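Okay, structure first, notes after.
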Amino acid sequence: MDPLLLALLIIIILVVVIFILIYVGYYNKIIRMENRIDNSWAQIDVQLRRRAELIPNLMETVKGYMKHEREVLENVTKARSALMSAKTPQENINADNMLTGALKSLFAVAENYPDLKANTNFLNLQDELTNTENKIAYSRQHFNDSVLSFNNTIETFPGLWFAKRMGKKTREMLQIPEAAREVPKVKF
Amino acid sequence: MEKKLLVEDHIRKNKRDTVVVCTLMALLFIGVVLAFGYIFFQGNIIISLIFALPIGLGYIAITYSVSVATVIKSMNARPANPNNREEKLLIHRVEEMSIAAGLPMPKVYVQDSEYINAFATGRNPNEAIICTTTGALHKLNQEELEGVIAHEMSHIKNYDIRIMTVTIAVVGAIALMSEILFYSLFWGGAGRGRRDNGAPILLIIAILLVVLSPIFARLTYFAISRRREYLADSNGAYLTRNPEGLAKALERIRDDSPKGKPKGSKTVAPLYISNPFKKVDANSLSSTHPPLNERIKRLRSM
Numbered sequence: 059m060d061p062l063l064l065a066l067l068i069i070i071i072l073v074v075v076i077f078i079l080i081y082v083g084y085y086n087k088i089i090r091m092e093n094r095i096d097n098s099w100a101q102i103d104v105q106l107r108r109r110a111e112l113i114p115n116l117m118e119t120v121k122g123y124m125k126h127e128r129e130v131l132e133n134v135t136k137a138r139s140a141l142m143s144a145k146t147p148q149e150n151i152n153a154d155n156m157l158t159g160a161l162k163s164l165f166a167v168a169e170n171y172p173d174l175k176a177n178t179n180f181l182n183l184q185d186e187l188t189n190t191e192n193k194i195a196y197s198r199q200h201f202n203d204s205v206l207s208f209n210n211t212i213e214t215f216p217g218l219w220f221a222k223r224m225g226k227k228t229r230e231m232l233q234i235p236e237a238a239r240e241v242p243k244v245k246f
Numbered sequence: 129m130e131k132k133l134l135v136e137d138h139i140r141k142n143k144r145d146t147v148v149v150c151t152l153m154a155l156l157f158i159g160v161v162l163a164f165g166y167i168f169f170q171g172n173i174i175i176s177l178i179f180a181l182p183i184g185l186g187y188i189a190i191t192y193s194v195s196v197a198t199v200i201k202s203m204n205a206r207p208a209n210p211n212n213r214e215e216k217l218l219i220h221r222v223e224e225m226s227i228a229a230g231l232p233m234p235k236v237y238v239q240d241s242e243y244i245n246a247f248a249t250g251r252n253p254n255e256a257i258i259c260t261t262t263g264a265l266h267k268l269n270q271e272e273l274e275g276v277i278a279h280e281m282s283h284i285k286n287y288d289i290r291i292m293t294v295t296i297a298v299v300g301a302i303a304l305m306s307e308i309l310f311y312s313l314f315w316g317g318a319g320r321g322r323r324d325n326g327a328p329i330l331l332i333i334a335i336l337l338v339v340l341s342p343i344f345a346r347l348t349y350f351a352i353s354r355r356r357e358y359l360a361d362s363n364g365a366y367l368t369r370n371p372e373g374l375a376k377a378l379e380r381i382r383d384d385s386p387k388g389k390p391k392g393s394k395t396v397a398p399l400y401i402s403n404p405f406k407k408v409d410a411n412s413l414s415s416t417h418p419p420l421n422e423r424i425k426r427l428r429s430m
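In structure tokens, the structure reads:
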């Protein structure tokens with residue numbers, strides 16, 4: 059066979075192979091990023107549920123000690139009910155913020171009750187709730203990070219081309235107020 | 129928004145620097161292989177590659193397969209105890225950071241030592257371990273601990289452990305091949321076939337390469353290590369959105385003066401967040417970690 063023709067053939071085959079590799083690479087990358095978004099969304103839900111479960115326990119422990127702090131305790135209970143009955147995503151977020159605020163007040167007020175603070179049950183619950191609140195905040199952050207990566211990929215070249223063919227659209231990030239995160243100030 | 133961009137700029141810069149330094153290392157490796165070929169096989173590159181590559185790759189494979197268990201054992205680390213409040217809180221912080229990073233939860237270990245330190249190990253994110261000293265648990269508050277864990281988590285996410293292991297192996301391979309070359313040159317033989325083949329200048333270059341490359345390889349290894357530390361700092365700050373946490377923790381490490389000797393041998397020092405064997409704020413080319421004050425400065429500028 060004519061060597062020039064052979065060389066041409068090899069070049070064409072190489073180009074095709076490279077093209078296929080790039081295509082597969084980007085396709086997979088976009089799918090993977092989308093899955094990451096969906097996964098982190100599910101994570102948020104898991105943590106929210108966990109927090110809701112911890113509340114009744116907390117209320118039981120605190121009830122005896124904080125008998126005179128009616129308003130603070132009621133706020134927590136009200137917020138939890140609002141959360142249970144929330145239907146739209148916006149209602150959900152509002153109720154969620156309410157609960158975070160109510161819990162913050164409760165723990166702030168608890169500072170005035172040394173007996174309560176010495177109660178190991180209470181300490182445990184406080185640690186668990188802080189943990190859960192942090193996890194909620196970080197899962198939301200991770201969700202937003204995943205959405206950002208995804209949007210960046212499909213809005214820039216060459217991802218843009220792939221996204222159009224795959225019918226992928228940019229996703230929206232969560233709008234959450236900054237106050238949600240709280241790292242426990244534990245002194246030793 | 130302004131602050132976030134700065135952290136991302138740091139990340140991008142650190143990644144770029146790593147590529148530069150790793151390329152240098154690769155070129156050094158190739159240079160030594162070619163020198164090997166020139167001196168032993170009269171410049172026949174193909175044969176030299178066939179011969180030299182297995183030595184190099186074999187060395188890499190052996191070092192690479194060293195198990196995580198060996199490291200843990202040499203560090204005297206034990207699994208964190210959830211019944212101990214401090215250690216339970218440590219587990220919580222690791223959980224939170226793995227969610228922020230989108231990684232599976234690493235195993236959490238504790239090393240009994242009054243030094244404030246932490247390290248991460250494991251070939252990939254699925255088999256990772258994060259360990260802190262009891263000193264860190266006693267002396268750092270939760271914000272600072274969170275910063276430290278975020279730094280370690282970033283090492284895992286960036287596959288730094290794997291990168292550093294491969295780099296050490298490449299350094300070792302370069303040193304090994306250089307030694308073989310040196311001894312064979314010294315005891316003659318290879319030189320004799322030279323006289324009628326090619327310019328003597330090439331032989332001189334090859335010899336220089338053989339003698340100097342182990343030194344350069346080691347310096348490059350330290351440079352890579354420092355780059356990865358800066359990257360872990362910036363990535364960690366991005367995870368927590370709070371560079372101040374890690375900055376404060378580094379300050380505490382800097383101002384801490386524990387009694388007794390640090391645990392673990394010097395070879396595993398790069399795994400730590402701060403080299404316990406180098407108390408002085410060293411800015412030398414042979415440091416595995418950048419100077420603490422510089423790291424704190426960069427974090428505070430984010």
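For the record, the sequence lines run as chains H and P.
Numbering-wise, this note's numbering puts 126 at position 68 of the first sequence, and it's gapless, one number per residue.
Numbering-wise, this note's numbering puts 283 at position 155 of the second sequence, and it's gapless, one number per residue.
We put the CB at the ideal spot given by N, CA and C, even for glycine.
The model shown is predicted, which means the values in this text are computed figures rather than measured ones.
- Query: Within 10 angstroms of its Cβ, does I284(P) collect 16 or more other Cβ (buried), or is it exposed?
  - Reply: buried
- Message: Quick check on the burial criterion: 16 or more other C-beta atoms within 10 angstroms. Buried or exposed for M305(P)?
- Response: buried
- Item | Candidates L206(H), R128(H), F215(H) and W219(H): closest to T228(H) by CA position | L206(H)
- Query: Using the rule of at least 16 other Cβ atoms within 10 Å of the residue's Cβ for burial, across every protein chain shown, is E307(P) buried or exposed?
  - Reply: exposed
- Item | Sequence ranges, alpha helix (DSSP H) only - wholly within the segment 192 to 235 of chain H, length at least 4 | 217 to 224
- Going by DSSP, which residues form a beta bridge with Q239(P)? A205(P) and T261(P)
- Task: Identify the contact partners of E224(P) in chain H, using a Cβ-Cβ distance below 8 Å as the criterion.
- Result: N189, N192, K193 and Y196
- Have a look at E132(H), N202(H) and L218(H) and flag the residue whose alpha-carbon is nearest the alpha-carbon of M231(H). N202(H)
- Mind the definition here: the segment 163 to 172 of chain H touches the segment 78 to 85 of chain H only if three or more C-beta pairs lie below 8 Å; say whether that holds. no
- Task: Measuring only between beta-carbons, confirm whether R229(H) sits less than 9 Å from chain P.
- Result: no
- Measure the Cβ-Cβ separation of E149(H) and A137(H) and say whether it is below 9 Å. no
- Applying the criterion that 16 or more other CB atoms from any shown protein chain within 10 Å of the CB defines a buried residue, is Y85(H) buried or exposed? exposed
- Item | Neighbouring residues, chain P, relative to R94(H) (Cβ below 7 Å) | G230
- Task: Go ahead and pull the three-state DSSP assignment for T146(H).
- Result: coil
- Message: Can you pull out the residues from the segment 249 to 283 of chain P whose beta carbon lies closer than 7 Å to at least one beta carbon of chain H?
- Response: H266, N269, Q270, E271 and E274
- Give the secondary structure of A246(P) by DSSP, where H, G and I count as helix, E and B as strand, and everything else as coil. strand
- Message: Strictly below 9 Å CB to CB, what residues from chain P border D185(H)?
- Response: R213, K216, L217 and H220
- Span separating the alpha-carbon of D173(H) from that of E129(H): 20 Å
- Between which two residues does the alpha helix (DSSP H) carrying Y81(H) extend? P61 to K121
- Item | K121(H) versus A221(H), T135(H), I102(H) and N155(H), residue with shortest Cα-Cα distance | T135(H)
- Task: List the residues of chain P whose Cβ lies closer than 9 Å to the Cβ of S139(H), in chain order.
- Result: In chain order: nothing, as chain P lies at least about 27 Å away.
- Query: What residue does the alpha helix (DSSP H) around K125(H) start on, and which one ends it?
  - Reply: Element bounds for K125(H): n/a, residue is neither H nor E.
- Within-9 Å CB hit, L427(P) to chain H: no
- Item | 8 Å contact criterion, which S282(P) and G364(P) should meet: CB distance rounded | 5 Å
- Please state whether DSSP places Y400(P) in a helix, a strand or coil. strand
- Task: Identify whether H266(P) lies in helix, strand or coil by the three-state DSSP scheme.
- Result: helix
- Query: Under a three-way DSSP split, which group does E422(P) fall into?
  - Reply: helix
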